[in-house]
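Those sequence lines, one after another, are chains A and B. Residue numbers for the first sequence follow the numbering used here, beginning at 1 and rising by one. Residue numbers for the second sequence follow the numbering used here, beginning at 484 and rising by one. Here a beta-carbon is modelled for each residue, glycine too, at the ideal position from N, C-alpha and C. Note that this is a predicted model, so its numbers are computed, not measured. Everything on this sheet refers to the single structure shown next.
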Amino acid sequence: MTDKNIRIEDLVNRDYQYGFKTELEPGTTVQGLSEDTIRFISAHKKEPKFMLDFRLKAYRQWLKMKEPRWAHLQYAPIDYQNIIYYAEPKAAAKKLKSLDEVDPELLRTFEKLGIPLTEQKKLAGVAVDAIFDSVSVATTFKEKLREAGVIFCSFSEAVQEHPEIVEKYLSSVVPATDNFFAALNSAVFTDGSFVYVPRDTRCPMELSSYFRINTENSGQFERTLIVVEENSHVSYLEGCTAPKFDTHQLHAAVVELVALDHAEIKYSTVQNWYAGDPATGKGGIYNFVTKRGKCAGRRSKISWTQVETGSAITWKYPSCILSGDDSVGEFYSVALTTGKQQADTGTKMIHIGKNTRSTIVSKGISAGQASNNYRGLVQVSKGAEGARNFTQCDSLLIGPNCGAHTFPYIDLQNASSQVEHEATTSRVSEDQLFYFQQRGISKEDAMSSIINGFCKQVFRELPGEFAVEATQLLGLKLEGTVG
Amino acid sequence: MTVSESKSSYAQQVRLSKAQEVRLGWVEALRARALKAFDEKGFPDKSWESWRYFTPSKLLSSAFEKPVPAELLSKEDPIFAGARCRIVFVDGLFSPKLSSQAPGNVDFSELWSGLFNHPELETRLGRDLDKEDNPFSLINTFAFEDGALIMLPSGRQALEPLHLFFFTTGTRGPVASVPRILLVAEEGAEVAVVARFYGGNHGQNSFENAVAEIYADAGARVRWTNLQIQENESGSLFLQTRAYLKEKAELDMVTVTRGREITRNEIRAELEGPGAQCRISGLSVLSGRSQAHQALSVLHRSPGAVSRQIYKNLLDGQSRAEFNSLAEVCPGAQKSDSHQLNKNLLLSDDARVYSRPKLKIYADDVQAAHGSATGQADPGELFYLRSRGLDLRTARFVLAYGFAEEILSLIPEKEVRAEIEASVKNAVHAMVRG
Chain A
1 MTDKNIRIED LVNRDYQYGF KTELEPGTTV QGLSEDTIRF ISAHKKEPKF MLDFRLKAYR
61 QWLKMKEPRW AHLQYAPIDY QNIIYYAEPK AAAKKLKSLD EVDPELLRTF EKLGIPLTEQ
121 KKLAGVAVDA IFDSVSVATT FKEKLREAGV IFCSFSEAVQ EHPEIVEKYL SSVVPATDNF
181 FAALNSAVFT DGSFVYVPRD TRCPMELSSY FRINTENSGQ FERTLIVVEE NSHVSYLEGC
241 TAPKFDTHQL HAAVVELVAL DHAEIKYSTV QNWYAGDPAT GKGGIYNFVT KRGKCAGRRS
301 KISWTQVETG SAITWKYPSC ILSGDDSVGE FYSVALTTGK QQADTGTKMI HIGKNTRSTI
361 VSKGISAGQA SNNYRGLVQV SKGAEGARNF TQCDSLLIGP NCGAHTFPYI DLQNASSQVE
421 HEATTSRVSE DQLFYFQQRG ISKEDAMSSI INGFCKQVFR ELPGEFAVEA TQLLGLKLEG
481 TVG
Chain B
484 MTVSESKSSY AQQVRLSKAQ EVRLGWVEAL RARALKAFDE KGFPDKSWES WRYFTPSKLL
544 SSAFEKPVPA ELLSKEDPIF AGARCRIVFV DGLFSPKLSS QAPGNVDFSE LWSGLFNHPE
604 LETRLGRDLD KEDNPFSLIN TFAFEDGALI MLPSGRQALE PLHLFFFTTG TRGPVASVPR
664 ILLVAEEGAE VAVVARFYGG NHGQNSFENA VAEIYADAGA RVRWTNLQIQ ENESGSLFLQ
724 TRAYLKEKAE LDMVTVTRGR EITRNEIRAE LEGPGAQCRI SGLSVLSGRS QAHQALSVLH
784 RSPGAVSRQI YKNLLDGQSR AEFNSLAEVC PGAQKSDSHQ LNKNLLLSDD ARVYSRPKLK
844 IYADDVQAAH GSATGQADPG ELFYLRSRGL DLRTARFVLA YGFAEEILSL IPEKEVRAEI
904 EASVKNAVHA MVRG
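Here it is, written out as structure tokens:
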């Protein structure tokens, strides 16, 4: 057996490398959902009254809503009373003046995850907001950003320090009652990231949030709000991991983006939540996320790029409301499902303004016994003269026991619009592999080249380091699935 | 009586008696099962995925007359020219006077006598009742009044096309009819069928709820043309087609839709044998407030089967078209080959299109593709034609009719094709503006 084979066998048996749990002295936790839970969260975070009202209104609506079941997903019912809605490690409870005061155990956790927060080890050129269970632990490069006028902080901080911006834009894109999971998030969200870029500003560095769920049975309900004023630009990345538990954990986030005239937001995600046991399907994150951006201004642009590799269940449709004339929406996605993972993901492009354009490129890879679904809506409203959409969604199947499904929804009301949708489903064929092998390239390398080629259109949209990380992540996840 | 009120009373009245009259216990039992299934299911609303863009709420609150035998036409009517072998229904009731004799080599008869003569049809009529998820199909099963049976024994070829005429008169007010068609082509048999649905000409809101079951056994070939053409925008037609294709069987189905308020075609083709092939295509030419909804699904249950779906919509006025199709490759159906294509040409800003070409794939060695494109006449193409001396209106006509012609060219019977081409030409001519 060659060295190469040994390495690959190691990789095949390799576990989810972020599956460790950090032992911290437990702090405040709140289990079960009621108005009291919500009042507690709001009071504990010393929120202004408008926030409590917003939460309670959302909760009362949520009680009347039914959990959606239209997605092509199968999972046991979620017990909403058994979830920990607020988990705050004791070490993160007190308000910190500087990073030096952060509990070293927490810092070590993020370092192990490859997200160094201490000054000397900071990733060059990327500002990070690190969120651990329900609280934001630290935000780096805050000062440098402030010089440029950019506000980048945890959501809780924004509520305290910039309540007027929060009140103006909160739920302006995703209404509290938009859907079941968005309503739940609106009622109980604990923290998240907040970005505000003033007009005529190009954010000097990439912004990034890192989400970590640590406590068993806890749910993570974070909320991200990004507002970019006229003529400004920001690029934002998010990453996420969780320890291995045998029970499912709920992650129900809401992300809202607002782009005003000539503004541009680039939002990239590499999602690697714990996917559950590949053989039994035990454990893993239920990822029910509502992400939506509003191109409110003329010639504004919102671009979503996502690489979805983790989670037992993914239910996620990052969308663009193109209401400004000449605005542009983009969605680039690679969704990989292996083992018993299920993903139902895609986008919505709502064309309202004139000459709005959107591009959708979705690549689904399904292996093992997984199920991978693309579900996307392209809607052209009556007034959207000259709207243009191009959609391409390709699926790649690896092995005979997985499924790949495509559910496009195209709804057109304007004769001058042009909409095209294309989809193909295929597998990595024996003759493709043979072609590589007869040129001296091993089967594994051939496979990885073919898959990277398949995803290239999406990967090249990711910022530099993320593209490398995504390629490696995909390689790791697929080891062992290739026959 | 409205359709919703009639849920149970339908069955208790006249509808069961026909089976009793001809002493078909198994049909009675089938109807009772269909009624029970329907009672559990109820009528669709917007929360049903395949009824998302159209719910029959208006239809359900309309009152309909019970059909009575009516003879409006004579046997010599030009409408029957070229249709030598035909079975005619008026308001869903079999009209022996207008129908012709069956051609010698094929069993082509009114359904009840057919069921009586062929007890073996018990395994065919309503075979997939337990899987049936369309309430209107269930209604047809428990309430069909009359129908047509087409049977071809092994290796038999029908020498000429068989014509089915469904007239809705609506002379006494809106009428609801529930005709049923059963086609069985045994091994290696070949047949061509032309089914014509003529709605009421008196502006009446009639409702036709038809079901066609098609069995193509190994190596059989079925060519089927549905003509759903009506000059006004009234009435509703729901046609549920269920096709079962065995090894190397072939089905070619073309549907042309024009006029009516609502037309809904639901086709489910099951490719049960290896190498089965089905080609389903359709054209809707809609104006005014007409709506055409196509709900299509092709299930690849066996390896090596081929399916093609091509649907085009030409829309003007405030018309609506829905293309909701699914190609599903079941586990183990390797080497399946499936294509879905939907193209829409919008001539008006008030027209609306919903396009949903869906894929469900559970096998890895398959070819599956779908495409959907919607737009208006290409300015470059218009310019090309105008630079060659065509006026704007003619140029638009050439492009719009050319768009439609691709589907018309798939109609296998020459005479039928010529007739429909003329009708579509007229319709397109009225739609294009200079």
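Legend entry - Per-residue contacts from HIS776 (chain B) into chain A (C-beta, under 8 Å): In chain order: nothing, as chain A lies at least about 14 Å away.
Legend entry - TYR867 (chain B), buried or exposed, once every other Cβ within 10 Å from all chains shown has been counted against 16: exposed
Legend entry - Buried or exposed (CB count within 10 angstroms, at least 16 for buried), GLU889 (chain B): That one is exposed.
Inset, instruction - Spell out whether any CB of chain B is found under 8 Å from the CB atom of ALA415 (chain A). - result: Interface residue (Cβ-Cβ distance to chain B less than 8 Å): ALA415 (chain A) is classified as such.
Inset, instruction - Please say whether LEU225 (chain A) and PHE54 (chain A) have beta carbons closer to each other than 8 Å? - result: no
Legend entry - MET205 (chain A): first and last residue of the uninterrupted alpha helix (DSSP H) it sits in: Careful: MET205 (chain A) lies outside any alpha helix (DSSP H) and carries neither H nor E.
Legend entry - Start and end residues, alpha helix (DSSP H) containing TRP595 (chain B): 594-600
Inset, instruction - For the alpha helix (DSSP H) holding GLN774 (chain B), just list the boundary residues, first then last. - result: That residue, GLN774 (chain B), is in no alpha helix (DSSP H); its beta strand (DSSP E) goes 774-783.
Inset, instruction - Run down chain B in chain order and give the residues with a C-beta less than 7 Å from the C-beta of PRO400 (chain A). - result: ALA846, ASP847
Legend entry - CB contact check: PRO278 (chain A) to chain B, cutoff 8 Å: no
Inset, instruction - Verify the CB distance criterion: does ASP832 (chain B) have a CB-CB separation below 8 Å to chain A? - result: Yes, its Cβ sits closer than 8 Å to a Cβ of chain A.
Inset, instruction - Anything in chain A within Cβ reach of LEU865 (chain B), meaning under 9 Å, just list it in chain order. - result: In chain order: nothing, as chain A lies at least about 14 Å away.
Legend entry - C-beta neighbour in chain B for LYS4 (chain A), strict 8 Å: Reliability fails at LYS4 (chain A), whose pLDDT of 38 lies under 50, so the model's placement of it is uncertain and the value that follows must be treated cautiously. Judged by the 8 Å Cβ criterion, LYS4 (chain A) is not in contact with chain B.
Legend entry - Close-in-space but distant-in-sequence residues of the same chain around ALA183 (chain A) (CB under 7 Å, 5 per side omitted): ALA58, GLN61, TRP62, MET65, ALA176, THR177
Legend entry - GLN418 (chain A) at chain B interface by Cβ criterion, 8 Å: A Cβ of chain B is located within less than 8 Å of the beta carbon of GLN418 (chain A).
Inset, instruction - Would you mind stating whether LEU666 (chain B) and ILE633 (chain B) have Cβ atoms separated by less than 8 Å? - result: yes
Inset, instruction - Give the secondary structure of MET51 (chain A) by DSSP, where H, G and I count as helix, E and B as strand, and everything else as coil. - result: DSSP, read as helix, strand or coil, puts MET51 (chain A) in helix.
Legend entry - Amino acids of chain B, ordered along the chain, whose beta-carbon sits closer than 7 Å to that of ASP411 (chain A): TYR837
Inset, instruction - Give a yes or no on whether the minimum CB-CB distance between ALA852 (chain B) and chain A is below 8 Å. - result: yes
Inset, instruction - Return yes when the Cβ of THR740 (chain B) is within less than 8 Å of the Cβ of ALA699 (chain B), no when it is not. - result: With contacts defined as CB atoms closer than 8 Å, ALA699 (chain B) and THR740 (chain B) fail to qualify as a contacting pair.
Legend entry - Short CB-CB distance (under 8 Å) between LYS382 (chain A) and chain B: yes
Inset, instruction - Compare the Cα-Cα distances from LEU576 (chain B) to each of B:HIS601, B:PHE627, B:GLN584, B:ASP528 and report the closest residue. - result: B:PHE627
Inset, instruction - Name, please, each residue of chain B whose Cβ falls closer than 7 Å to the Cβ of GLU422 (chain A). - result: GLY854
Legend entry - Test: VAL12 (chain A) CB closer than 8 Å to a CB of chain B: Model confidence at VAL12 (chain A) stands at a pLDDT of 36, short of 50, so the residue's coordinates are unreliable and nothing is read from them.
Inset, instruction - Within the same chain, show all residues whose beta-carbon is closer than 6 Å to that of PHE806 (chain B), passing over the 5 residues directly before and after it, in chain order. - result: GLN777, TYR794, ASN825, SER838
Legend entry - Nearest candidate by alpha-carbon position, reference ASN373 (chain A), set A:GLN438, A:GLY281, A:GLN379, A:GLY364: A:GLY364
Inset, instruction - Whole angstroms is fine: what's the gap from SER136 (chain A)'s alpha carbon to LYS348 (chain A)'s? - result: When rounded, the distance between both Cα atoms is 30 Å.
Inset, instruction - Taking the CB atoms as reference points, tell me whether GLY219 (chain A) and ILE84 (chain A) lie closer together than 8 Å. - result: yes
Inset, instruction - Pick out whichever of A:ARG357, A:LEU145, A:SER429 has its Cα sitting closest to the Cα of ILE451 (chain A). - result: That would be A:SER429, whose Cα lies nearest to the Cα of ILE451 (chain A).
Inset, instruction - Could you say if the segment 642-655 of chain B and the segment 610-619 of chain B meet the contact criterion of at least three C-beta pairs nearer than 8 Å? - result: no
Legend entry - From B:LEU766, B:TYR536, B:CYS568, B:THR746, residue whose alpha carbon lies closest to that of VAL674 (chain B): B:CYS568
Inset, instruction - Pull up the DSSP beta-bridge partners for GLN823 (chain B), would you. - result: B:GLN792, B:HIS853
Inset, instruction - With 8 Å as the threshold, decide whether the Cβ of GLY483 (chain A) is near any Cβ in chain B. - result: Unreliable positioning characterises GLY483 (chain A) in this predicted model, as indicated by a pLDDT of 46, which lies under 50. A coordinate reading is not provided.
Inset, instruction - Specify whether the segment 224-241 of chain A and the segment 188-208 of chain A touch according to this definition: at least 3 beta carbon pairs, one from each stretch, less than 8 Å apart. - result: yes
Inset, instruction - Pair every Cβ in the segment 510-522 of chain B with every Cβ in the segment 715-735 of chain B, then say whether three or more of these pairs are closer than 8 Å. - result: no
Inset, instruction - Using a cut-off of 9 Å between C-beta atoms, extract the partners of HIS351 (chain A) located in chain B. - result: Neighbours of HIS351 (chain A) on chain B: none; closest Cβ ~12 Å, over 9 Å.
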